[in-house]
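**Q**
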Amino acid sequence: FSFLQERLRYVLGLLLLLHSTNSFYVPGVAPINFHRNDPVEIKAVKLTSSRTQLPYEYYSLPFCQPSKITYKAENLGEVLRGDRIVNTPFQVSMNVEKKCEVLCNLPNKPVTLTVEQSKLIAERIREDYYVHLIADNLPVATRLEFYSNREEEEKKKEKDVQFEHGYRLGFMDGNKFYLHNHLSFILYYHREDVEESQEHTYRVVRFEVIPQSIKLEDLKADEKSMCTLPEATGSAPQEIDPTKENQLLFTYSVHWEESDIKWASRWDTYLTMSDVQIHWFSIINSVVVVFFLSGILSMIIIRTLRKDIANYNKEDDIEDTMEESGWKLVHGDVFRPPQYPMILSSLLGSGIQLFCMILIVIFVAMLGMLSPSSRGALMTTACFLFMFMGVFGGFFAGRLYRTLKGHRWKKGAFCTATLYPGVVFGICFVLNCFIWGKHSSGAVPFPTMVALLCMWFGISLPLVYLGYYFGFRKQPYDNPVRTNQIPRQIPEQRWYMNKFVGILMAGILPFGAMFIELFFIFSAIWENQFYYLFGFLFLVFIILVVSCSQISIVMVYFQLCAEDYRWWWRTFLVSGGSAFYVLIYAVFYFVNKLDIVEFIPSLLYFGYTALMVLSFWLLTGTIGFYAAYMFVRKIYAAVKID
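Residue numbers (mature numbering (1 follows the signal peptide of the UniProt record, and there is no 0)): -23 to -1, 1 to 619.
Right, dumping it as structure tokens:
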């Protein structure tokens, strides 16, 4: 028990260390200092909806436009995410209040929406679209205040505040559509300490908005584009009737407040949107369970193996008369090469590529270098790392292919470089055609697609060939026993040794270890949340590696005891069993958490989920395969075989 306590203390210490890494700020993003009256540019990012999963660019709707529209040059990650950052006509100056100002058109000439435009706006409101703006790289958030379920006395005092990304485009009341045409911006600044003679400098530390819908008649505007807002009680909202033309004014107001929040902690508001307590509890829970189970498994396996090896190595006369049984019996066939060695080694090569990429990305992100403030950095890093990790993928695949008595190394290298990436590219291309059809900004532009293909065939393919060449030339893995000429007959197997039963049994432990984290990852992908808990994710990844390895070793041990030596493919399939549970969880999440009804959003969800499940299966299958291979080589090296 004291051993368990010691382990717990160690794990808690590690968790605290990992948690503290979350508060680092991104290296390389310098703060911008503003003086009073300096312009603070407000840009638009995109429109998103968790109901359709199709982002659109800001000017796909008839918002007010500046005289010249300029798009920011995006990195690869931003393009893949569907961000199209563009300037807007909002005039905001540092620490200068604006009561109410008309955005475009003079007050006596309101904006007239055509029937087509009105229809489009009404459809986007029905689909629950949010508008995302940024000021000084900070995304806009809507403050939601609500009373938590506390005691009645406390209720009066304390409200719980949560923030929602972006602001709602509009709302529905019955069958009527209302557009948020007035935006009240609330910007918070932190005053920097300067010497007395110098002018004060300010930094933007929070960007909030209160969207309002105000009818054209209620907005009293003068010739100078100034307007006065009506009393909250007496105003009617601005209705958008999709069957006719609509007239309205777009207006905004700006309010500045001083804040104690330092620039380095300005993202904390956005990142504390989900409850960290649940995280702590669930992670500690899964760590304890996995360590406990893995301790028990290791003890059982080690004790059983010691007994087996001691029995097999007894140099008594009894042994001659005894019939050999158990895993020693298949020593002449255990290293017999499987069917389709080229495909197996190619898949394992891609698995190694994925493993290296994910490990480095999570580690770098844990150190705070890929925080949400550097948009698209995570996707860009992951893409480039996958390309460059082709060397390792090729090396491991080539060496394994040589061990499995393969001869056509060039074909094997080509297969490794194109099999998994080809499937990914194919699925993404088909999905992209559907997104193109919807004119969404989530569609990858043709030049970007060509650039990705050039990266694949110009960087990844040559690197895989290079790694494969050296791996194939290297000494093959040393197998401790010789393979017999004639394969042995495999006895009839029990029902529980069936592949599918094995997949179900082997998937439970790794899936249980990462189940909670999966919920947060899915929310980040499908509900436009920020994901930033990379410290937790790193720990979960390590738990996943440990649990996959152990389950794989246990399964291969049982299989060899049942005198079935065809373990190569089976171990790879069974170790990836948790991917099957991830698929079931994805279906459960789709039905219970998401409000998707249309065909194309559903197709996108299941298309990308299929890619995630395939990648996860390759990753866990590879981890399990290498653990089992090392285990099999170790145990056969420990017994004396004549």
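Note that the Cβ used here is the ideal one computed from N, Cα and C, for glycine as well.
So, with DSSP's three-state summary, where would you put E194?
**A** Looking at E194 - three-state DSSP - the assignment turns out to be helix.
**Q** Less than 8 angstroms between the CB atoms is what I'm expecting for P32 and S351, so what's the real figure, rounded?
**A** 19 angstroms between Cβ atoms; not a contact.
**Q** Using three-state DSSP, classify S161 as helix, strand or coil.
**A** Three-state DSSP puts S161 in a strand.
**Q** CA-CA distance, E504 and S174?
**A** Approximately 49 angstroms, taken between the alpha carbons.
**Q** Who are the Cβ neighbours of K388 in its own chain at under 8 angstroms, not counting the five residues just before and after it?
**A** Only M319 meet the Cβ criterion.
**Q** What is the DSSP secondary structure of F67, counted as helix, strand or coil?
**A** Three-state DSSP puts F67 in coil, outside helix and strand.
**Q** Quick check on residue 622: does DSSP put it in helix, strand or coil?
**A** Residue 622 lies beyond the residue range present for the chain, which begins at -23 and ends at 619; the question has no answer from this structure.
**Q** Could you pull out every residue in the same chain whose Cβ sits closer than 6 angstroms to the Cβ of Y606, ignoring the five residues on either side in sequence?
**A** Counting only Cβ-Cβ distances below 6 angstroms, and skipping sequence neighbours, we find nothing.
**Q** Give the list of continuous alpha helix (DSSP H) stretches no shorter than 4 residues that lie fully inside the stretch 567 to 615.
**A** The stretch 567 to 615 contains these whole alpha helix (DSSP H) runs: 576 to 615.
**Q** Would E234 pass as a contact of Y165 if the rule is Cβ separation under 7 angstroms?
**A** Result yes, Cβ atoms of E234 and Y165 sit closer than 7 angstroms.
**Q** Assign K617 to one of three DSSP states: helix, strand, or coil.
**A** K617 falls in the coil class under three-state DSSP.
**Q** Would you grab the beta carbon distance between V551 and I485 for me? Rounded to a whole angstrom, and I think it's under 8 angstroms.
**A** That pair is no contact at about 12 angstroms.
**Q** Counting pairs of Cβ atoms below 8 angstroms between the stretch 193 to 207 and the stretch 22 to 30, do you hit three or more?
**A** Contact fails: fewer than three Cβ-Cβ distances are below 8 angstroms.
**Q** Just to confirm the assignment, what range does the alpha helix (DSSP H) spanning R547 have?
**A** Per DSSP, R547 belongs to the alpha helix (DSSP H) from 545 to 552.
**Q** Leaving out the 5 sequence neighbours to the left and right, which residues in its chain are closer than 7 angstroms to A354 when beta-carbon positions are compared?
**A** Taken in chain order, the residues that qualify are G54, L347.
**Q** Could you spell out the range, first to last residue, of the alpha helix (DSSP H) harbouring E494?
**A** Residues 476 to 503.
**Q** Ignoring anything shorter than 4 residues, give me the alpha helix (DSSP H) runs that lie fully in the stretch 346 to 420, in order along the chain.
**A** Entirely contained in the stretch 346 to 420, the alpha helix (DSSP H) runs reaching 4 residues are, in chain order, 354 to 365, 367 to 380, 386 to 414.
**Q** Does DSSP put K76 in a helix, a strand or coil?
**A** DSSP places K76 in strand when its eight states are reduced to three.
**Q** Is it right to say Q215 is buried, meaning 16 or more other beta carbons lie within 10 angstroms of its own, or is it exposed?
**A** Label assigned to Q215: buried.
**Q** From what residue to what residue does the beta strand (DSSP E) around F184 run?
**A** Note, F184: beta strand (DSSP E), 179 to 189.
**Q** Name, in chain order, the residues that DSSP records as bridge partners for V108.
**A** According to DSSP, V108 bridges with L24, Y144.
**Q** Checking 7 angstroms against the spacing of the C-beta atoms, do G601 and S524 come in under that value?
**A** No.
**Q** Is Y2 helix, strand or coil by DSSP?
**A** Only weak support exists for where Y2 lies, its pLDDT of 41 falling under 50; the coordinates are left without a value.
**Q** Please report the distance separating the alpha-carbon of R459 from that of Y542.
**A** Distance between the alpha carbons of R459 and Y542 is about 14 angstroms.
**Q** Apart from the five residues on each side of it in sequence, which residues of its chain come closer than 6 angstroms, Cβ to Cβ, to L440?
**A** So the qualifying residues of the chain are G367, V368.
**Q** Quick one: using the 10 Å Cβ neighbour count with 16 as the cut-off for buried, is K476 buried or exposed?
**A** Burial call: exposed.
**Q** Smallest Cα separation from A428: which of N52, G309, Q94, D170?
**A** Of the listed residues, the one whose Cα sits closest to A428 is N52.
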